[in-house]
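Q: Okay, so the sequence shown: first residue is 4 according to the working numbering, each after it adds one. For each residue, glycine too, the CB sits at the ideal point set by N, CA and C. Small disclaimer: the values here were computed from a predicted structure and weren't measured. Let me give you the structure first, and then I'll get to my questions.
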Amino acid sequence: MKGEHSAWSLPGLSAWVDRVASALMDKGIALVSADAATPGRMEDAIFGGTDRLSPHDLDRLDGKPTRIIARRISAEPKLEGLMAEIFTGTCVLVRFSSLPAHSWRGWETFLSRFAEQRMPRESGLHILVPDLPRDIKVSEVETFPSWRNSLTRGDRIIWAQEHLFGNRGGAGEDLAVSLATEVCRRRLDLARDLARAGVDDLSDPLAWLDRRARDPDMTPAGEVGKVDSCPLALMRHGATDELRARIWRAQLTSLFPLLEVERQRFVQRFRDLLYVNNFTRGLGVSSVDELEFGALNRQISDKLSEKDANRLAAMTRIRNALAHRKPAEPEDVRHLLRHISSRAA
């Protein structure tokens, strides 16, 4: 599943495409809400789900809608002419992004009239509008909600996993997938890039997002304040609390289990230096195997090499941050990931 067009193979989006394609075939018209974050080649995916439609882009956009379409498909220049049986299987794409803004209301009226005549029939031209503006209302036709409403968390996980570097594994892989899934939400282009990011960017995703938000070629999509708000829009609006909450959830999912494994490694390696005293018993600890990072630091940090002491301290800070619903400090995450990568090499 490589390349942006593969987004439409994700289970949730594939089902959405099937619904649009089915409406286009059965009703002769399908309207899709405009969305700046739409993955590329959506129309190809829709037509791929019909097997029977021949798509046609509009070339010359001057004149009334009926004449523009009739000229494109060599039809009689009136609405009834578009209903001829010979045009069954022919589909015209009406992209509002390509139309002059002053003509939008004329197209709104035309699409309403077209739908009124075409939907009761079994034959005639098909029309797909892949980017219907929010303020354009076509009577008789229900506009399909944006594809993002069908993009599930499972889809986002699959997407991130499919775009990982082939040589990444372990902690870096888990963190990359979690960050791409939680932070980027419906921005699959950002999720793809974050899944491929290096250790420095995975350790400090807020800085990575800030650089992306400052890039004039990167366009925020949608409104701030929604569950799936675009991270670039959040960054540009200064809504870093929401972004930090997403980063925290991603780190909690991926790093907390890793910290437990590393804690157990420390306990096994330095068992002879560890003990249970009245203070730890008062915390409910009955065995050195149950000692948490704070106790490990107090008991053995001054007996460790500088390298081991620094790693134990970093893991302790990560654990405390996550326990208090805060993202870990980038340098601590970077320290942990690099240590585990060097051990696996």
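Extract the residue ranges of the alpha helix (DSSP H) inside the stretch 107-185, only unbroken runs of 4 or more that lie entirely within it.
A: Whole alpha helix (DSSP H) segments, 4+ residues: 107-121, 156-165.
Q: Assuming G109 and P68 make a contact with CB atoms under 8 Å, what is their CB distance in whole Å?
A: Counting from 1 along the sequence shown, the entry for residue 109 is found at position 106. Counting from 1 along the sequence shown, the entry for residue 68 is found at position 65. Indeed they touch by this definition, with Cβ atoms about 6 Å apart.
Q: Measure the C-alpha to C-alpha separation of E334 and F113 and round it to an integer number of angstroms.
A: Indexing the sequence shown from 1 puts residue 334 at position 331. Indexing the sequence shown from 1 puts residue 113 at position 110. Cα to Cα, the separation comes out at about 59 Å.
Q: Short of 8 Å in beta carbon distance, which residues of its chain neighbour E143, apart from the five on each side in sequence? Order them along the chain.
A: Translated into the one-based positions of the sequence shown, residue 143 becomes position 140. Excluding residues within five positions, the ones whose Cβ falls inside 8 Å are S115, A118, E119, M122.
Q: Excluding the 5 residues preceding and the 5 following L340 in the sequence, name in chain order all residues of the same chain whose CB lies nearer than 8 Å to its CB.
A: Start at 1 with the first residue of the sequence shown, and residue 340 comes out as number 337. Only A174, G175, L178, V202, L205, S206 meet the Cβ criterion.
Q: Spatial neighbours of N170 within its chain, please: CB distance less than 6 Å, with the 5 preceding and 5 following residues excluded, ordered by chain position.
A: Residue numbering aside, residue 170 sits at position 167 when the sequence shown is read from its first letter. Note on N170: pLDDT 48, under 50, position unreliable in the model; the coordinate value appears next. Cβ neighbours of N170 beyond the five flanking positions: none.
Q: Starting from A194, trace the alpha helix (DSSP H) in both directions and tell me its first and last residue.
A: Your numbering for residue 194 matches position 191 in the sequence shown. It spans 191-198 - the alpha helix (DSSP H) in which A194 sits, taken as one unbroken run.
Q: Just reading off the beta strand (DSSP E) that T93 is part of, what are its end residues?
A: For this step, residue 93 is matched to residue 90 along the sequence shown. It spans 93-96 - the beta strand (DSSP E) in which T93 sits, taken as one unbroken run.
Q: Which first and last residues belong to the alpha helix (DSSP H) in which P234 is found?
A: As a working mapping, residue 234 is identified with position 231 in the sequence shown. Where P234 is concerned, the enclosing alpha helix (DSSP H) stretches over 234-239.
Q: Could you give the distance in angstroms between the alpha-carbon of R182 and the alpha-carbon of N152?
A: Along the sequence shown, one-based indexing puts residue 182 at 179. Along the sequence shown, one-based indexing puts residue 152 at 149. Position check: residue 182 holds Leu in this sequence, whereas Arg was assumed. If I take the Cα positions, the gap works out to 20 Å.
Q: Would you mind giving the Cβ-Cβ distance between G15 and T155, rounded to the nearest angstrom? I have them listed as a contact below 8 Å.
A: Looking up residue 15 in the sequence shown gives position 12. Looking up residue 155 in the sequence shown gives position 152. Indeed they touch by this definition, with Cβ atoms about 4 Å apart.
Q: Who are the near neighbours of P223 in its chain, counting only those whose CB is closer than 7 Å to its CB and skipping five residues on each side?
A: Within the sequence shown, the letter at position 220 stands for residue 223. Closer than 7 Å at Cβ, skipping near neighbours: C233, L235, A236, R239.
Q: Which residues share a DSSP beta bridge with I32?
A: By one-based count along the sequence shown, residue 32 stands at place 29. Bridge partners of I32: I130.
Q: From the DSSP output, which residues share a beta bridge with H59?
A: Working through the sequence shown from its first residue, we reach residue 59 at position 56. Beta-bridge pairing links H59 to V95.
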